[in-house]
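Read through the structure below, which is laid out as structure tokens, and then see the notes.
Residue numbers (our numbering): 523 to 781.
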């Protein structure tokens, strides 16, 4: 199943590709509308847990629009943090944030946004078209790995987790922000009503695309609950696996370390 629509495994990546090609240009606006702007706070929380540092090599997967990467870049370059840590310019320039996405349309949105920020030629931001299940990066090469609202769209979650483990250095941090499962009864019913009745209609209204947003909603329900996903992360080799529910489990941030 991909969402609730039954599809063969080999067709899932194609279906997901079509969804994100369709929604790329309106993706961030829809995120704002669907989450009442809360997705921005959730991403801030994700980057806060990462504790970015100058000179780090970081991989943000399924992050084509640059939303997480720009936050990491800003955190590394923040004047206050640099003053506190007495960071030298050389290590700032050595920082590399790789934005990896399987969908070129999403990457194009990110590159366009980088240009608007005057970061087109910035060497710290590297845009890479690639697959979460078969990354092109070396073993033990990254200090951090983030994936926000992306892992539920991969065909084999276990493969994506194994790849995350492979590319991280010892001591490297894994962080995943994902729409998850609400288990507070009344809130769950309200959330289901909002998800299945309101979101597809908003997709039609704002993006002219009901089906893609119907898929996005259904894919959340197919994603493993918090405890089961935490176990999958541990099974991939990670240690110190934890998760934090936000807004009653509407989203969860899972974190782990490669020791």
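Glycine included, every Cβ here is placed at the ideal spot set by N, Cα and C. The structure presented is a predicted model; accordingly, all values stated were derived computationally and were not measured.
Item checked: Per-residue burial, residue 736 [other beta carbons within 10 Å of its own, 16 or more giving buried] -> As a working note, residue 736 is residue 214 in the chain shown. Its Cβ being crowded by 16 or more others within 10 Å, residue 736 is buried.
Checklist line | Distance, residue 639 Cα to residue 576 Cα | finding: Along the chain shown, read from residue 1 onward, the residue named residue 576 stands at position 54. Along the chain shown, read from residue 1 onward, the residue named residue 639 stands at position 117. If you take the alpha carbons of residue 576 and residue 639, they lie about 20 Å apart.
Margin query: Looking at residue 538: is its Cβ nearer than 7 Å to the Cβ of residue 729?
Written below: Here residue 538 refers to the residue found at position 16 of the chain shown. Here residue 729 refers to the residue found at position 207 of the chain shown. Not closer than 7 Å, so no.
Margin query: Just verifying my parser: in three-state terms, what is the DSSP assignment at residue 706?
Written below: Within the chain shown, the letter at position 184 stands for residue 706. Coil.
Item checked: Inter-residue Cα distance where the pair is residue 645 and residue 615 -> Reading the chain shown from its first residue, position 123 is the one you call residue 645. Reading the chain shown from its first residue, position 93 is the one you call residue 615. The alpha-carbon atoms of residue 645 and residue 615 are separated by roughly 8 Å.
Item checked: In DSSP terms, what residue 666 is bridged to -> The residue labelled residue 666 in the question sits at position 144 within the chain shown. Paired residues: 580, 695.
Next item on the list: Pick out whichever of 692, 727, 680 has its Cα sitting closest to the Cα of residue 662.
Entry: The residue labelled residue 662 in the question sits at position 140 within the chain shown. Taking only the C-alpha atoms, the option nearest residue 662 is 692.
Check: On the three-state DSSP scale, how would you describe residue 721?
Finding: Within the chain shown, the letter at position 199 stands for residue 721. Reduced to three states, the DSSP call for residue 721 is helix.
Checklist line | Reference residue 628, options 739, 751, 540, 763, closest by Cα | finding: Residue mapping note: residue 628 aligns to position 106 of the chain shown, counting from 1. Minimum Cα distance to residue 628 is reached at 540.
Margin query: Below 8 Å on the Cβ atoms is my contact criterion, and I expect residue 648 with residue 618 to pass it. Report the Cβ-Cβ distance as a whole number of Å.
Written below: Taking the chain shown and counting its residues from 1, the one referred to as residue 648 is at position 126. Taking the chain shown and counting its residues from 1, the one referred to as residue 618 is at position 96. Contact flag correct, Cβ pair sits at about 6 Å.
Note to self: Please identify the residue among 632, 626, 671 whose C-alpha is closest to the C-alpha of residue 773.
What the structure shows: Stepping through the chain shown from its first residue, residue 773 is reached at position 251. Residue 773 has its Cα closest to that of 671, out of 632, 626, 671.
Margin query: So if DSSP puts residue 779 in a beta bridge, which residue, or which two residues, is it bridged to?
Written below: Stepping through the chain shown from its first residue, residue 779 is reached at position 257. According to DSSP, which records beta bridges pairwise, residue 779 is partnered with 695, 761.
Next item on the list: Could you spell out the range, first to last residue, of the alpha helix (DSSP H) harbouring residue 727?
Entry: On the chain shown, position 205 is the one that residue 727 refers to. Per DSSP, residue 727 belongs to no alpha helix (DSSP H) and is neither H nor E.
Next item on the list: Quick one: give me the first and last residue of the beta strand (DSSP E) that residue 631 is part of.
Entry: Position 109 of the chain shown, counted from the start, is the residue given in the question as residue 631. No beta strand (DSSP E) contains residue 631, which is instead part of the alpha helix (DSSP H) from 626 to 638.
Next item on the list: Excluding the 5 residues preceding and the 5 following residue 700 in the sequence, name in chain order all residues of the same chain whose CB lies nearer than 7 Å to its CB.
Entry: Sequence index remark: in the chain shown, residue 700 carries index 178 (1-based). Same-chain partners within the cutoff: 671, 673, 674, 745, 773, 774.
Checklist line | Whole-angstrom distance between residue 678 and residue 657, CA atom to CA atom | finding: One-based indexing of the chain shown puts residue 657 at position 135. One-based indexing of the chain shown puts residue 678 at position 156. One C-alpha to the other measures close to 13 Å.
Next item on the list: Express the C-alpha separation of residue 570 and residue 789 in angstroms, rounding to a whole number.
Entry: Lying outside 523 to 781, the shown extent of the chain, residue 789 is not represented and no answer is given.
Check: Pick from 695, 726, 580: whose alpha carbon is nearest that of residue 761?
Finding: As a position in the chain shown, residue 761 is number 239, starting the count at 1. Checking every option, the nearest Cα to that of residue 761 belongs to 695.
Next item on the list: Along the alpha helix (DSSP H) that carries residue 619, what are the first and last residues, could you check?
Entry: Here residue 619 refers to the residue found at position 97 when the chain shown is read from its first residue. Here residue 619 belongs to no alpha helix (DSSP H); instead the beta strand (DSSP E) covers 618 to 623.
Margin query: I need the DSSP call for residue 609, collapsed to helix, strand or coil.
Written below: Counting from 1 along the chain shown, the entry for residue 609 is found at position 87. Reduced to three states, the DSSP call for residue 609 is coil.
Next item on the list: Mark residue 780 as exposed unless 16 or more other C-beta atoms lie within 10 angstroms of its C-beta, in which case mark it buried.
Entry: Mapped onto the chain shown, residue 780 falls at position 258. Classification for residue 780: buried.
Next item on the list: May I ask you to report which of helix, strand or coil DSSP gives residue 644?
Entry: For the purposes of this step, residue 644 is identified with residue 122 of the chain shown, where counting begins at 1. Looking at residue 644 - three-state DSSP - the assignment turns out to be coil, as it is neither helix nor strand.
Notebook entry, point to check: Going by DSSP, what residues sit across from residue 653 in a beta bridge?
Noted result: Taking the chain shown and counting its residues from 1, one reaches residue 653 at position 131. Bridge partners of residue 653: 656.
Notebook entry, point to check: For residue 755, does the count of other Cβ atoms within 10 angstroms reach 16, so buried, or fall short, so exposed?
Noted result: As a first step, residue 755 is located in the chain shown; it is residue number 233 there, counting from the start. It is buried - the Cβ of residue 755 has at least 16 other Cβ atoms within 10 Å.
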